[in-house]
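Below: the structure, in structure tokens.
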Amino acid sequence: MKQILLSALACPKCHGQLQYDAEHQQLICQADNLVFAIKDKIPVLLESEAQPINQTQSIEE
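Numbers 104 to 164, taken from the working numbering, label the letters of the sequence shown in order.
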């Protein structure tokens with residue numbers, strides 16, 4: 104994901120910065136402990152579609 108696009112995206116819940124996990128193709132909000140999927144190269148930034156962060160899942164910082 105391009106850095107300019109990533110800098111324009113924000114968490115729909117807290118409006119905080121998202122981290123990009125290229126390996127798992129997802130965006131992560133550390134503040135809310137939520138994971139947003141990227142499907143067909145399109146971020147799904149719907150709070151209702153977000154998943155909680157699995158504590159055993161590796162997260163790239």
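Think of the CB as a built atom: it goes at the ideal place given N, C-alpha and C, for glycine as much as any other residue. Nothing here was measured: the structure is a model prediction, and the numbers come from that model.
Under 6 angstroms Cβ to Cβ from residue i, same chain only, skipping five residues before and after it: list those, please.
i: M104; result: Y123
Output the boundary residues of the beta strand (DSSP E) element that contains residue i.
i: I131; result: Q129 to C132
i: Q106; result: Element bounds for Q106: not the beta strand (DSSP E) but the alpha helix (DSSP H), Q106 to A111.
i: Q122; result: Q122 to D124
Which residues does DSSP pair with residue i in a beta bridge?
i: V138; result: I131 and Q154
i: I145; result: K142
Exposed or buried, residue i, counting other C-beta atoms within 10 Å across all chains shown (16 or more means buried)?
i: C117; result: exposed
i: A125; result: exposed
So, for residue i: in the same chain, excluding its five sequence neighbours on each side, which residues have a beta-carbon less than 7 angstroms away from its beta-carbon?
i: P146; result: L112, L130 and F139
If I'm right that residue i touches residue j with Cβ under 8 angstroms, what's the distance once you round it to whole angstroms?
i: L121; j: C132; result: 6 angstroms
i: D135; j: C114; result: 6 angstroms
i: Q128; j: I141; result: 5 angstroms
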